[in-house]
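Visitor: Below are the structure tokens for one structure; questions will follow.
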């Protein structure tokens with residue numbers, strides 16, 4: 001699971017069901033972004049657009065946190081059990097901090 | 103520009119150029135969400151997906167803040183000049199707080 | 205109200221009552237920080253300390269947003285009415301974005 | 307380390323050096339809050355106070371994240387190794403989400 005920034009890394013712990021759930025949520029979020037595009041096109045009132053943007057952010061964060069919990073339960077836990085936890089935890093903390101600022 | 107939650111409200115201060123800029127950014131964000139969908143489909147590593155989610159959130163917030171600045175410069179400023187600022191400012195504060203939590 | 209970073213700037217729109225309210229809240233927050241100090245001293249469980257830190261952040265943001273609303277209602281509104289709104293709005297947007305990241 | 311909300315929980319993994327570092331930072335933050343109190347007392351300009359509030363929030367989050375990293379490296383890792391990780395991870399996710407909103 002380790003690797004530098006240039007190579008693609010993969011995971012194998014997502015069940016088909018969890019994967020489908022994530023894909024459905026992302027499909028819905030894609031539709032919400034298209035909805036905002038239409039609102040701007042139709043000159044809808046700024047605050048109403050901003051409220052929708054905020055809703056998408058919340059939905060994206062929810063997906064991100066679901067993925068994070070899964071990640072800690074699998075990748076981080078496995079790394080800790082095999083004694084290579086440190087690097088994985090440093091990586092986790094970076095993404096937690098990045099989420100916090102975005 | 104006022105109204106209850108059931109009626110659609112419109113704005114008329116967006117220049118064609120600003121509008122096109124917003125639409126381009128939203129189109130790009132829609133593509134980024136589609137990119138995450140593909141990453142999940144291809145079982146890409148959790149942290150790499152989360153970093154992308156965080157990037158989309160940041161891009162959406164940037165659009166939101168650009169829209170907010172425009173909103174204060176036009177809708178809020180106009181409301182203040184015509185003596186109906188209070189309601190508009192309350193509405194602005196609500197959306198600022200919502201952004202902060204999302 | 206304008207000025208560079210080196211000179212101290214003042215405001216005159218805070219009523220004695222609002223000022224006292226802010227001062228009381230800040231006094232309480234100071235006590236909460238002291239409380240966390242004591243928790244760390246006594247080796248209290250990490251998560252319990254983190255929950256308290258989060259509570260203080262929320263309390264500080266609440267003070268900040270109260271102050272921001274007041275600022276928009278007075279300083280920003282006055283600047284807009286006298287035709288010098290632009291600079292004040294740029295400054296406002298900067299502090300909104302900074303809050304969002306902290 | 308587990309427990310309900312009514313009992314005090316303790317940790318034993320903080321080294322004297324780490325503990326002192328945390329205590330020093332919290333002492334400094336307490337002084338910063340007192341500094342804001344003084345700024346409000348002296349009618350300092352709203353935006354200048356807000357910038358300071360934002361700085362304290364950032365400092366508190368920094369302490370919180372340092373504590374969180376330590377927590378994952380010790381409490382969470384130990385729980386995972388002894389097979390009781392699930393509850394500790396749920397608790398961790400809650401505090402991460404709370405931080406994100408505060």
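Protein chains in written order, with our numbering: chain A, 1 to 102; chain B, 103 to 204; chain C, 205 to 306; chain D, 307 to 408.
Just so you know, even glycine gets a beta-carbon here, dropped at the ideal spot from N, CA and C.
Taking residue 95/A and residue 131/B to be in contact with their CB atoms under 8 Å, please state how far apart those CB atoms are, rounded to whole angstroms.
Guide: Not confirmed; about 20 Å, so no contact.
Visitor: Apart from the five residues just before and just after residue 203/B, which ones in its own chain have a Cβ nearer than 7 Å to its Cβ?
Guide: Closer than 7 Å at Cβ, skipping near neighbours: no residue.
Visitor: If we ignore side chains and look at the alpha-carbon of each, how far apart do residue 319/D and residue 383/D end up?
Guide: 12 Å
Visitor: For residue 117/B, which residues in chain A fall below 9 Å Cβ to Cβ?
Guide: Ordered by position in chain A, no residue passes the 9 Å Cβ test against residue 117/B, which lies about 11 Å from the chain.
Visitor: Please list, in chain order, the chain D residues whose beta carbon lies closer than 7 Å to that of residue 240/C.
Guide: 332
Visitor: Residue 345/D and residue 357/D: beta carbons closer than 8 Å?
Guide: no
Visitor: Strictly by DSSP, which residues pair up with residue 218/C?
Guide: Note: residue 218/C sits in no beta bridge, so no partner.
Visitor: What residues of chain A sit near residue 367/D, judged by a beta carbon separation below 8 Å?
Guide: Among the residues of chain A, those whose CB is under 8 Å from the CB of residue 367/D are 100, following chain order.
Visitor: Taking only three categories from DSSP, how would you classify residue 229/C?
Guide: helix
Visitor: Run through chain C and tell me which residues come within less than 8 Å of residue 399/D, C-beta to C-beta.
Guide: Simply none; closest approach about 11 Å.
Visitor: Which bits of chain B does residue 82/A rub up against, with CB to CB less than 7 Å?
Guide: Simply none; closest approach about 17 Å.
Visitor: Determine the closest residue to residue 185/B out of 245/C, 293/C, 277/C, 229/C, with distance taken between C-alpha atoms.
Guide: 277/C
Visitor: Can at least three beta-carbon pairs, one atom from the region 13-24 of chain A and one from the region 57-76 of chain A, be found at a separation below 8 Å?
Guide: yes
Visitor: Quick check on the burial criterion: 16 or more other C-beta atoms within 10 angstroms. Buried or exposed for residue 187/B?
Guide: Taking a 10 Å sphere around the C-beta of residue 187/B, we find 16 or more other C-beta atoms and assign the residue as buried.
Visitor: Using a Cβ-based criterion (distance less than 7 Å to any ligand heavy atom), does residue 268/C qualify as near the ligand ADP?
Guide: Inclusion of the ligand ADP in the displayed structure is not the case, the ligand content being empty and no account of it being possible.
Visitor: Under 8 Å between C-beta atoms, does residue 113/B make it to chain A?
Guide: yes
Visitor: From the beta carbon of residue 159/B, is the nearest beta carbon of chain C less than 8 Å away?
Guide: no
Visitor: On the DSSP letters alone, give me the boundaries of the alpha helix (DSSP H) that residue 74/A sits inside.
Guide: Careful: residue 74/A lies outside any alpha helix (DSSP H) and carries neither H nor E.
Visitor: Keeping to the same chain, check which residues put their C-beta closer than 7 Å to that of residue 75/B; ignore five residues upstream and five downstream.
Guide: In the structure displayed, chain B extends from 103 to 204; residue 75/B sits before or after that span and is not available.
Visitor: Would you identify the three-state DSSP class for residue 248/C, choosing helix, strand or coil?
Guide: strand
Visitor: Would you say residue 180/B faces chain A, with C-beta separation under 8 Å as the test?
Guide: no
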